[in-house]
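In my numbering, the protein residues as written are 8 to 261.
The structure appears right after this line, and notes come after that.
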Amino acid sequence: GTLVAVFAPGSALLAAAATYVLALWVVSLMRAVPVAAATIGASVVHDLRDGFAYLFRTGWLFATLAFAILTVLLVMGPIEVLLPFAVRDQTGSGPGGFALVLAAFGIGGAVGSLLVSSLPMPRRYLTVMIMLWGVGCAPLAAIGLTGQLWVMAAATFAVGFSGSAATVIWGTLLQRRVPPHLLGRVSSLDFFVSLALMPVSMALAGPVGDALGLPITFVLAGAVPVFLALAAIVGWRLDRDELAHPLDPAPADT
């Protein structure tokens with residue numbers, strides 16, 4: 008956003024391309040992990056069947072992905088499609104204001120990731136993760152109700168912070184609780200399921216914004232995920248699951 012405002016769209020695209028080259032170089036430095044002989048030669052259909060079977064019989068995983076797919080449907084469209092119109096129409100700002108709001112989102116994500124990755128995993132890891140994602144969307148409601156650019160920037164900072172913080176917990180959770188031989192399949196399902204409705208959300212954002220107006224659309228995007236988070240925690244008894252499956256061993260008595 009800042010590159011677009013200060014220079015030109017071409018500069019932003021060039022910078023984005025450079026990050027992909029950097030990522031490719033980092034990936035090239037990774038060493039291949041030997042694959043167990045039992046998994047070599049398995050068909051794609053077999054892998055998909057195993058992944059979905061594990062998903063449907065694992066309550067915490069199903070609850071998290073069901074929550075994620077609905078939240079993506081509600082949130083991504085307003086952020087990706089309607090946010091620039093909210094900045095323009097409600098604050099009177101142009102590309103510079105939009106760049107500030109986007110930069111705040113990115114900075115919040117970086118701070119949230121660094122903070123959570125430097126701390127021990129919370130004991131109530133499922134509850135904390137789901138609530139960070141759900142309650143973390145609540146500041147989106149402020150975007151629909153304010154005419155101040157700094158309020159929008161603060162809101163996107165909070166959304167970025169909480170979303171990235173929860174994602175760090177989620178990544179750790181997959182590594183700790185998913186069997187190693189299923190990790191690749193479950194991670195692929197996670198990526199597919201989480202993003203499956205993103206194009207739908209972006210396609211619906213415009214018509215919904217026109218029908219309901221930007222304020223109501225952003226209020227719904229901020230409020231509904233909170234209730235979805237509570238439903239996931241209570242409906243699948245995630246509080247009991249996390250207590251029954253601690254990620255870190257209890258400290259020994261002295």
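Backbone N, C-alpha and C define an ideal beta-carbon position, used for all residues, glycine too.
Please classify E249 as buried or exposed, where buried requires at least 16 other C-beta atoms within 10 Å of its C-beta.
buried
So the alpha helix (DSSP H) W67 belongs to, where does it begin and stop?
66 to 84
CB contact flag (L77, L235, <7 Å)
yes
With H, G and I counted as helix, E and B as strand and the rest as coil, what does DSSP make of Q182?
helix
Minimum C-alpha distance to L55 - residue among V118, V215, L189:
L189
Given a cut-off of 7 Å on the beta-carbon distance, is the pair G58 and R184 in contact?
no
Quick check on DSSP: helix, strand or coil for H53?
helix
Name the two residues that bound the continuous alpha helix (DSSP H) containing R192.
187 to 202
Would you mind giving the Cβ-Cβ distance between G116 and G143, rounded to the nearest angstrom? I have them listed as a contact below 8 Å.
That pair is no contact at about 11 Å.
What span of residues does the alpha helix (DSSP H) with T153 cover, start to end?
Neither: T153 is in no alpha helix (DSSP H) and is coded neither H nor E.
Grouping DSSP H, G and I as helix and E and B as strand, with all else coil, what is M209?
helix
Could you check which residue in M159, A210, I176 has the C-alpha nearest to that of A148?
M159
Taking L180 as the reference, give the member of V118, S35, H252, L211 with the closest Cα.
H252
Are the beta-carbon atoms of F105 and P91 separated by less than 7 Å?
yes
Measure the C-alpha to C-alpha separation of I150 and L245 and round it to an integer number of angstroms.
31 Å
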